[in-house]
Each structure stands twice: as C-alpha cells, then as structure tokens.
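Q: Provided herewith is a single structure, encoded as structure tokens, for subsequent inquiry.
In our numbering, the protein residues as written are 53 to 652.
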C-alpha cells in the first residue's frame, strides 16, 4: 500500500483502542510474577528464548540478547567485587550507547541504585546533581571526564571515578576481564524486588534546582509494560530512539517496552539531520519522539528517505495539533500515539485514538484506575484555589486547571503511589492534602490542562517556576540564580516566552542592572554556568521588577508582554546564534525572528 494512503487511514477504531488498553493491563498484571519481576530478569528470559536476536543497535556496535545478558551480568559482578551494598548509588554520565542500558540493568539487578546524569550540565550544575544523590561511584567516558572532574572538585565527599572504554586511568573494561559473564550463582544473587529503588532520574519539577526523582523497579516495569501494550510491540519491531537516555522516555520507556517484547532498539547518539537516513538504515517500525523534534523535522528541507521507512507508529509527547497533521501527512506515518507522563508522576494519559493535539483520554472502564482531576489554579498564590470549606475546586469541561493525581495508600494500586525525591522537603511540596475530602492526598503535576467535551485532555502549559524549551524543563529559579551571580546584575526574573515556529517557550530574563552591567560578560558567564537550552534567549533591562500583591516577582506579567520592541520601551537584547552574542533587539531583528529567518 502507498505510504501516503497509509498515513491517511483512520488510526484506531473503538475496538482496537480498547485492545491497546487491555494489552497494557495484561502485561502489567504480570508484574511481580515470574519471569517478569524486574527488567534485568526480562532480559535474561529473552536471552534464553532468542539469544541471537538483536536487542540494542548503534553505530558503535550492537548487542544481541545473549550479549546484553552477559554484559549486564558483568556489571552486576563488578558491583559485587567493588563491595557496593544494596541501596548504594552509582552515577552514570555517558552519551547514548548500548552499554548505557547494560550498565544500569546490571547494577540495579543486585540492588544498586543508578543515577542517570544529564550530559549537558556544566560543572556547577553537575556538582549539584552529584551532591544530591551522594554516589559511591561515578561512571563516565573520556569525552565527559573533564566536566566530571571539575564537578568532583566542588564536592566535599567525592565518588570514585571510573571510565568506560580503553586507555589510562581506572577503567571498567579491564575490571570486567576477570569477571564471569555466566548467570549469577545463588550465592551472588541478592533479593531485589519491584518494591526496591532502581533509578534516580532528574527533573526540574515546578520549582528550584533539578531534583532526583526516585524510580522503583516496579515503576520501570510499569512503564515498560504499558508502552509495550499500547504499541503492541512485537519481536520483529525495531524502535528508533534518539532521545537522551538520561531521561525516563529515552532511557527507560523506549528501551524497556521493546525489551519486554523481544524487539530491538536502534540507539542514536542524539537527534541529527541523519534522522530519516538512520530510521531507514535500521529498518525501524516504531519511533519515539518529543514535540520539538517533530517540529524540526517538518521545518527541515526534504530528505530522500523521509517516506521510504516502514514505520507503523510514532509515539511520544508534546506534539501540537498543527505540527501533528503536518508531520503525519508529510512523512506518511500511519499512527501517532501521544501520551502524557512525568518521571515522578502517579498517572499517565494515552491518546490511542490519534486525536491531533490531545494528550489522552481515559476509557470509561479504566476511570477507576486513573484517578486524575483538574482543579482551579490561582496564579497569584501559585497553588490550587480552595472553596469556603477549604476544598479544591474541580474545573468544568473546557476550563483550564492544574492536573493532580490521587496518591494511593499502602493498600491501593502501587502504580498510583508517589515515590518522591531524594529530598523529603521537596517531596512534601508536591503533595496536596484534604483536597476533596478529609485525609485524601493528591500529587501536583505543575501542568495546566483542560478537558474537552469529548473527554480528551489537552496540555496547556507548565506553571510555577518552570518552562519547557528544546525538549527540556528549565528551572527559572536556577537560571535566575546564575544570572544574579554575574557582575552588574542586581536582581532578575526569568520566564518563558513563545517564539513563532518553535515548540515550548524560550527563556527571557528581565534584569535590574547596575552601571557595570555588560551583556557580553553576562553571556560568557552563563555559557559556563548553564546548559545551552537554559540560557535566556532574550534580555530585558528594567528599572524595577513588577511584584504581586504578596510581593512575589510577577513573571507572568512580563511573560505576557513578550519581546516586541514596538510595545516595550525597555532595552531588549537577543542572543544571536550567528554572532554568538547578545545584540540589541530592534524592529528589524524582531521581524527576522517572526519571519523565521533566524535559526533559533
């Protein structure tokens, strides 16, 4: 059948929608039952059933299921040889590669908790991430070793540094030489259950610096099973994954779902112009995306391979309705499965029907398993509004509010528990109590949504101190702190603004400056202090910051005014990618940005 015809076909009738949910339920029902206790054991089972089948593919090499099982066993034995105890933390700082998966699977199989570290972090932010979890070991690569060593210099207690690959220094590979790759003996095995912690994955949440969210083995299994069911993943499927493996989607959801099914994951180091060439070269049938990635693709020049693929489903989050239609039509993608989830969240939404622009709908027969509500949000207080009785107010259909999820108690569905962060105070900040009745507890998502007349949820925006840009959550508080550490800055407010032709919101900083303020010096300092996606694209020099009635920075007012020089009399600057400098933002520059002539 012609690819264009395939893309135009209906995505899913009601019966097949229900089948997707039922498949996911059937798979999650196996959790805690042999042989599906933890994901490393799934790999062992697949290695016995299909040892020569490819599990993980990449430009640098591939691992069959037998290879992956042998590799993860060596990581497990390395942890035992190093004397790492159950619950000890190992930090993993590496770019996408098959061994990334083998490392955390093997380490977690013997009870070690693995912290997945963002590879884009400069030294100070990296030091914060390490300090948060206090790892006993840090595994990294030669490429990232200088940043790792600079971060370690900031720590009072430093983890032991280990390097991947060949070369001088303390290396993982030579240590593996004396370790067996055969199945662990009964004496070597540790009692690791789905209730035990597996990973620490960083999230900006809604306020403050990045936080390390706890992810149990059950959560890993739940994600893997749900997505395997929703995608109807099969042994002959290959999924293309160019998303960062330090994120829950690129490193757990995309990989885990295919390992559950006995399929293969084609791991790209990162998203690049070779996207469609790699999808075709690896003969992929499934694709994992984020919305910004899809926007890049539809704005890119034609590629000879963009319709020569065998994709049957693209799955991801953050795809707007407008880009959805263009993406599906241009690239002949038969089905799109959009979802909503958060690393620390206690519910997920799935748009199995393929409704453009929606993030999901809960089938009636599943409503009792997905206790989600939208409540009226007060931007002045930064919290949901309460009525005269002190209860939160449910939103009407079509009304925008914050999404919250009921937290299950000890006897409730473990999928809806809140596993929290490594910081107890940050964990408690996410919990709403006495929401609709005395004693109930709900998790704040920090996301504004609305529910339409047909029961579809639509994402509206992030709230609080975080905005999303280039597929990353950016903490306004972290950026503001970095700006205020620079010479010539008295105070600042950071917020996100919409940029034509771009997904999410770009960073903008309103700055109260002293006479010695220099935009060039500020930019140089921020390049050292922040990853590229977190640096503000726009600056606004203001005499004073507007405040709310409760004396909080009124960033939402500044965000509403945007960066239009015809409407703002304050000096404006734009971080010009061509000049690699903040340049005055005048009417001519503004017009170029709005016409899409400037590559953001």
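Every residue, glycine too, gets a C-beta built ideally from N, C-alpha and C.
Keep in mind it's a predicted model, so treat the numbers as computed, not measured.
(1) Could you tell me which residues DSSP puts in a beta bridge with residue 444?
(2) Please give me, in chain order, every unbroken run of the alpha helix (DSSP H) with length at least 4 that falls completely inside the stretch 314–368.
(3) Please list the terminal residues of the continuous beta strand (DSSP E) segment that includes residue 70.
(4) Do you know offhand how far residue 637's Cα is from residue 624's?
(5) Between residue 302 and chain C, is the shortest Cβ-Cβ distance under 7 Å, so that the two count as touching?
(6) Taking the straight line between their C-alpha atoms, what separation do you get for residue 494 and residue 435?
(7) Can you have a look at residue 648 and say buried or exposed, based on whether 16 or more other CB atoms are within 10 angstroms of its CB?
(8) Using the Cβ count rule (16 or more neighbours within 10 Å means buried), how would you classify residue 603?
(9) What's the gap between the Cα of residue 236 and the Cα of residue 130?
(10) Nearest to residue 90 by CA position, among 246, 142, 227 and 77, is which residue?
(11) Pairs of beta-carbons, one from the stretch 514–521 and one from the stretch 456–473, closer than 8 Å: are there three or more?
(12) Along the chain, where does the alpha helix (DSSP H) that runs through residue 454 open and close?
(13) Using alpha carbons as the reference points, say which of 111, 587 and 428 lies closest to residue 443.
(14) Assuming residue 533 and residue 610 form a contact by the criterion Cβ under 8 Å, report the distance between their Cβ atoms to the nearest whole angstrom.
(15) For residue 639, collect the residues of the same chain with a Cβ closer than 7 Å to its Cβ; drop the 5 residues on either side in sequence, then sort them by chain order.
(16) For the stretch 574–644, list the beta strand (DSSP E) runs that are entirely contained and at least 3 residues long, ordered along the chain.
(17) Please tell me whether residue 185 and residue 167 are closer than 7 Å, where the distance is taken between their beta carbons.
(18) Is the beta carbon of residue 379 sitting closer than 7 Å to the one on residue 346?
(19) Hey, quick one: how far does the alpha helix (DSSP H) through residue 418 stretch, first residue to last?
(20) Could you name the residues of the same chain whose beta carbon sits closer than 6 Å to that of residue 395, not counting the 5 residues immediately before and after it, in chain order?
(21) Hey, residue 397 and residue 457 are a contact pair by Cβ (cut 8 Å); roughly how many whole angstroms apart?
(22) The ligand ADP and residue 100: does any heavy atom of the ligand fall closer than 6 Å to the residue's C-beta?
(23) With residue 185 as the anchor, note down where its alpha helix (DSSP H) starts and where it stops.
(24) What's the call for residue 203, buried or exposed, on a 16-neighbour Cβ count within 10 Å?
A: Reading off the structure:
(1) Residue numbering aside, residue 444 sits at position 392 when the chain shown is read from its first letter. In the DSSP output, where bridge partners are listed per residue, residue 444 has 438.
(2) 327–333 and 343–351
(3) Here residue 70 corresponds to residue number 18 of the chain shown, with the count starting at 1. Counting along the chain, residue 70 falls outside any beta strand (DSSP E), though it belongs to the alpha helix (DSSP H) covering 66–80.
(4) Position 585 of the chain shown, counted from the start, is the residue given in the question as residue 637. Position 572 of the chain shown, counted from the start, is the residue given in the question as residue 624. Cα-Cα distance, rounded: 5 Å.
(5) Chain labels in this structure do not include chain C; a single protein chain is all it has.
(6) Locating residue 494 in the chain shown gives position 442, counting from the first residue. Locating residue 435 in the chain shown gives position 383, counting from the first residue. Whole-angstrom Cα-Cα distance: 13 Å.
(7) In the chain shown, counting from the first residue as 1, residue 648 sits at position 596. Flag for residue 648 reads exposed.
(8) Within the chain shown, residue 603 is the residue found at index 551, counting from 1. Because residue 603 carries a pLDDT of 46, less than 50, the predicted location of this residue cannot be relied on, and the following value inherits that uncertainty. Looking at its Cβ environment, which holds fewer than 16 other Cβ atoms inside 10 Å, residue 603 is exposed.
(9) In the chain shown, the residue the question calls residue 236 occupies position 184. In the chain shown, the residue the question calls residue 130 occupies position 78. Answer to the nearest angstrom: the Cα atoms are 12 Å apart.
(10) As a first step, residue 90 is located in the chain shown; it is residue number 38 there, counting from the start. Selected option, being the one with the closest Cα: 246.
(11) no
(12) Looking up residue 454 in the chain shown gives position 402. Looking at the DSSP string, residue 454 is not in any alpha helix (DSSP H); the run it does join, the beta strand (DSSP E), is 453–458.
(13) On the chain shown, residue 443 is found 391 positions in, with the first residue counted as 1. The residue with the shortest Cα to Cα distance from residue 443 is 428.
(14) For the purposes of this step, residue 533 is taken as residue 481 along the chain shown, with counting starting at 1. For the purposes of this step, residue 610 is taken as residue 558 along the chain shown, with counting starting at 1. At roughly 18 Å, the Cβ-Cβ gap does not stay under 8 Å, so residue 533 and residue 610 are not in contact.
(15) Translated into positions along the chain shown, residue 639 becomes position 587. Excluding positions up to five away in sequence, the list reads 617 and 618.
(16) 590–593, 624–628 and 633–636
(17) Walking along the chain shown from the start, residue 185 turns up at place 133. Walking along the chain shown from the start, residue 167 turns up at place 115. Result yes, Cβ atoms of residue 185 and residue 167 sit closer than 7 Å.
(18) In the chain shown, counting from the first residue as 1, residue 379 sits at position 327. In the chain shown, counting from the first residue as 1, residue 346 sits at position 294. Taking 7 Å as the Cβ cut-off, residue 379 and residue 346 qualify as a contacting pair.
(19) Counted from its first residue, the chain shown places residue 418 at position 366. Per DSSP, residue 418 belongs to no alpha helix (DSSP H) and is neither H nor E.
(20) Within the chain shown, numbered from 1, the residue matching residue 395 stands at position 343. The answer, listed in chain order, is 253, 255, 265 and 300.
(21) Locating residue 397 in the chain shown gives position 345, counting from the first residue. Locating residue 457 in the chain shown gives position 405, counting from the first residue. Indeed, because the Cβ distance is near 7 Å, the residues count as touching under 8 Å.
(22) Here there are no bound small molecules, and the ligand ADP is not part of this structure.
(23) In the chain shown, residue 185 corresponds to position 133, counting from 1. Unbroken alpha helix (DSSP H) run through residue 185: 175–185.
(24) Within the chain shown, residue 203 is the residue found at index 151, counting from 1. Under this definition residue 203 is a buried residue.
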